[in-house]
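Going line by line, the protein sequences match chains A and B.
Residues in the first sequence are numbered consecutively from 1, following our numbering.
Residues in the second sequence are numbered consecutively from 1001, following our numbering.
The beta-carbon is built from N, C-alpha and C at its ideal position, and this holds for glycine as well.
Protein chains: 2
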Amino acid sequence: MAFEKVVVAGGGVLGSQIAFQSAYCGLDTCIWLRSEGSIGRTQPKLDQLVKDYHAQIDAMEAALAKSRADGEPMAPGVWAMGIADPDDFDPARCHGAVDAAAENLRLELDLSAAVADADVVVESMAEQEEAKIEFYKKLAPLMAEKTVVVTNSSSLLPSKFTRYTGRPDRYLAMHFANHIWRNNIAEVMAQPKTSQESFDAIMEFAGQIRMQPLPVRKEKAGYLLNSMLIPFLFSAMDLYVNGISEPESIDTAWVRGTGAPNGPFQILDVVGLVTAYNIVQPYTKVPGFMAPYNFKGISRMLKEKIDAGETGVAAGKGFYTYGG
Amino acid sequence: MAFEKVVVAGGGVLGSQIAFQSAYCGLDTCIWLRSEGSIGRTQPKLDQLVKDYHAQIDAMEAALAKSRADGEPMAPGVWAMGIADPDDFDPARCHGAVDAAAENLRLELDLSAAVADADVVVESMAEQEEAKIEFYKKLAPLMAEKTVVVTNSSSLLPSKFTRYTGRPDRYLAMHFANHIWRNNIAEVMAQPKTSQESFDAIMEFAGQIRMQPLPVRKEKAGYLLNSMLIPFLFSAMDLYVNGISEPESIDTAWVRGTGAPNGPFQILDVVGLVTAYNIVQPYTKVPGFMAPYNFKGISRMLKEKIDAGETGVAAGKGFYTYGG
């Protein structure tokens, strides 16, 4: 049973993208915001998304035309599957859907009005436990019986919040990657009380908004991607801090050995060293956990670089130097 | 001081490639083999390499011509940096170097004659500890003072053998990836007694035979690549055996999330499940080592698939089905 009415609570980077994508796919969508101030911060993000989507559609049209003229496959990386399939791409229709999304997407300050009759509420608030609990407590009594609630929290497990939602069986997680119209995967994760029915409904909803749903059938910190990415980055930093080799050589080993586009230190620079540092901290406090890794050394190395302002691509310097 | 005379001990898959590559790069090269029977097994490998190199040079010539005609960069994956740089590619000279390698590369049964005056001996024998010790004991008294010895063992640490080489400071490891003329990386790894001078000499030798040398400054099981690849594959199998998700979804999360060409289960199918099973075994015996991973579950899962004949790409079926 397809969803029709979608509410996104929170207009941050991902909240805006999820809501805009939902509206782009023709669903009745609104963003609930806490205050007039939030509207002032969210509207510019939506205006930018309108430009980004139009630009992406133009780039796809050009790439498709070139590929047909050359009789060769399209350059990788151009196609945004969140926008259209190559075999079923109608640029005019896509541009129209962007304009319709911009027109139809509503911003609401009244939570009760926002969630009335919603099929799904996507909680996309800041990653603060207390603030989320507060929100769920306020939300619970306002929803219709049918409403399924999903959190897109990266770092807080849904089971922390289940009891505050008033619907343990209809509560789960749905995790997106940034730029969701291009990186269109959604990790759909159950918590222990999630029903199969609501899990299946959210898997289907992911498809409705053109995400590729990836099932995460049991609660797992890091979902699928970060459950692999984090230990991988640990193993690379461990080689460095133990004096085995240097970032450039470690990256080259990975890139040349696996064909990946980026090595671990290149990924760390994009993720940002502050984020990496925060992820490492709990591991430094559990002796023997993931025993072979020198977490104290990793933490110290990251701290030194952060203190020197070398926090990654955004700062112009991390393990590598960028720009100018 | 560049090396001139190279001896490869052992004519297996990698031994043959290392020797052929060395001869292709113009170094005086011989393969020492234990018996007439070994010659019968090695010569066909060398004959095949002659064909592979010629074919690779033809493919590179065609790709370069097409790229120049189109005014576009070459398709990735065609260029074998072990054969030539795109900017300095002379097909006739390369074909000539292949024929010269085939002509000049010698096979020797007499170890003493083989290693006389050698600059480097590359030990590329089977991965059997006793057999390697036997070989080093026989080799040690026959070598000139200057000779540096490297092992290309993947799984046995060089420090196990240092004492048998008679030259602790001139003994280290040099690890190649299969198809070395395409995957031209060489992990150059010191053991505790390796001198800086011989480490530097082998880094330079790697460059002489057109490998990209990756320094591994301290002894480390798995060198650089496998030190990252193995925990990464563990983390993926852990998600599967704990019922979090399925190989296809886990692979999709990695490929879509990082842009890598292959996910962990696709890599496992190429590596082969028997190899993966053997790598996991020691971990099942150390409680708490890399604590979060369910090694017993991983081992059981791999064993079941191996017992069912699903050992990977070579068997037509592993986590995925191939061919037919």
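Check                                                                                                                                                                                : Outcome
Check for me: the alpha helix (DSSP H) holding Met189(A) runs from which residue to which?                                                                                           : Careful: Met189(A) lies outside any alpha helix (DSSP H), inside the beta strand (DSSP E) at Ile185 to Ala190.
Going along chain B, which residues have a C-beta under 7 Å from Thr217(A)?                                                                                                          : Sequence check: residue 217(A) is Arg here, not Thr. Going along chain B in sequence order, the residues near Arg217(A) (Cβ under 7 Å) are Gly1243, Ile1244 and Ser1245.
Which residue spans inside the segment 1130-1207 of chain B form an unbroken beta strand (DSSP E) run of at least 3?                                                                 : 1148-1151, 1171-1176 and 1185-1189
Would DSSP call Val121(A) helix, strand or coil?                                                                                                                                     : strand
My output table needs one value for Gly1312(B): the three-state DSSP class, helix, strand or coil.                                                                                   : strand
In whole angstroms, what separates the C-alpha of Glu246(A) from that of Gly263(A)?                                                                                                  : 12 Å
Have a look at the DSSP bridge pairing and note the partners of Ile1031(B).                                                                                                          : Val1008(B) and Leu1107(B)
For a contact meaning CB atoms closer than 8 Å, what does Asn152(A) contact in chain B?                                                                                              : Per Cβ cutoff of 8 Å: no residues; Asn152(A) is ~15 Å from chain B at best.
Quick one, are the C-beta atoms of Ser1124(B) and Val1008(B) less than 7 Å apart?                                                                                                    : yes
As a quick exercise: from Pro1168(B), Gly1037(B), Ala1177(B) and Val1013(B), pick the residue whose alpha carbon is nearest that of Glu1197(B).                                      : Pro1168(B)
From the DSSP output, in three-state form, read off Gln56(A) for me.                                                                                                                 : helix
Beta-carbon within less than 8 Å of Ala1063(B)'s beta-carbon, same chain only, minus the 5 sequence neighbours each way: which residues are those?                                   : Met1074, Ala1075, Val1078 and Trp1079
Cα separation between Asp1047(B) and Ser1016(B)?                                                                                                                                     : 10 Å
If distances are taken between C-alpha atoms only, which option among Thr1029(B), Thr1258(B) and Gln1043(B) comes closest to Ser1035(B)?                                             : Gln1043(B)
Rounded to whole angstroms, what is the Cα-Cα separation between Ala1315(B) and Val1280(B)?                                                                                          : 20 Å
Using the beta-carbon of each residue, which ones in chain B are nearer than 9 Å to Pro86(A)?                                                                                        : Going along chain B, no residue has its Cβ under 9 Å from Pro86(A), so there is no contact; the nearest lies around 16 Å.
Can you list, in chain order, the residues of the segment 246-266 of chain A whose Cβ is nearer than 8 Å to any Cβ on chain B?                                                       : Glu246, Ser249, Ile250, Thr252, Ala253, Trp254, Arg256, Gly257, Thr258, Gly259, Ala260, Pro261, Asn262 and Pro264
Hey, could you find the ends of the beta strand (DSSP E) Leu1214(B) is sitting in?                                                                                                   : Gln1212 to Val1216
Can you find the residues in the same chain that come closer than 7 Å, C-beta to C-beta, to Gln1056(B), ignoring five residues on each side of it along the sequence?                : Ala1080, Ile1083 and Trp1181
Using a 10 Å radius around the Cβ and a threshold of 16 neighbouring Cβ atoms, would you call Gln1266(B) buried or exposed?                                                          : buried
Round the Cβ separation of Lys218(A) and Ala118(A) to the nearest angstrom and send it over; I've been treating them as touching at under 8 Å.                                       : Contact flag wrong, Cβ pair sits at about 27 Å.
Determine, using beta carbons only, whether Leu233(A) comes closer than 7 Å to chain B.                                                                                              : no
Label Glu1103(B) either buried or exposed according to how many other C-beta atoms from any shown protein chain fall within 10 Å of its C-beta, with 16 as the threshold for buried. : exposed
Indicate the three-state DSSP secondary structure (helix, strand or coil) for Lys285(A) in the structure shown.                                                                      : coil
In chain A, what lies closer than 8 Å to Met1228(B) by C-beta?                                                                                                                       : Phe232, Ser235, Ala236, Leu239, Ile250, Ala253, Trp254 and Pro264
Relative to the C-alpha of Asp99(A), which residue among Ala173(A), Asp110(A) and Ala23(A) is closest?                                                                               : Ala23(A)
Using DSSP with H/G/I as helix, E/B as strand and the rest coil, what is Lys1303(B)?                                                                                                 : helix
Using the Cβ count rule (16 or more neighbours within 10 Å means buried), how would you classify Tyr53(A)?                                                                           : buried
Just checking: is the beta-carbon of Lys1132(B) within a distance shorter than 7 Å of some beta-carbon in chain A?                                                                   : no
Which one or two residues does DSSP pair with Lys317(A) in a beta bridge?                                                                                                            : Gly312(A) and Thr321(A)
How about Phe3(A) and Val149(A): are their beta carbons less than 7 Å apart?                                                                                                         : no
Alpha carbon to alpha carbon, how far is Ser1159(B) from Ala1131(B)?                                                                                                                 : 15 Å
In whole angstroms, what separates the C-alpha of Trp254(A) from that of Phe205(A)?                                                                                                  : 36 Å
What residue range is occupied by the uninterrupted alpha helix (DSSP H) comprising Tyr1024(B)?                                                                                      : Val1013 to Tyr1024
Determine the extent of the alpha helix (DSSP H) in which Leu239(A) is found, giving its start and end residues.                                                                     : Leu225 to Val241
Strictly below 7 Å CB to CB, what residues from chain A border Asn1183(B)?                                                                                                           : Arg256
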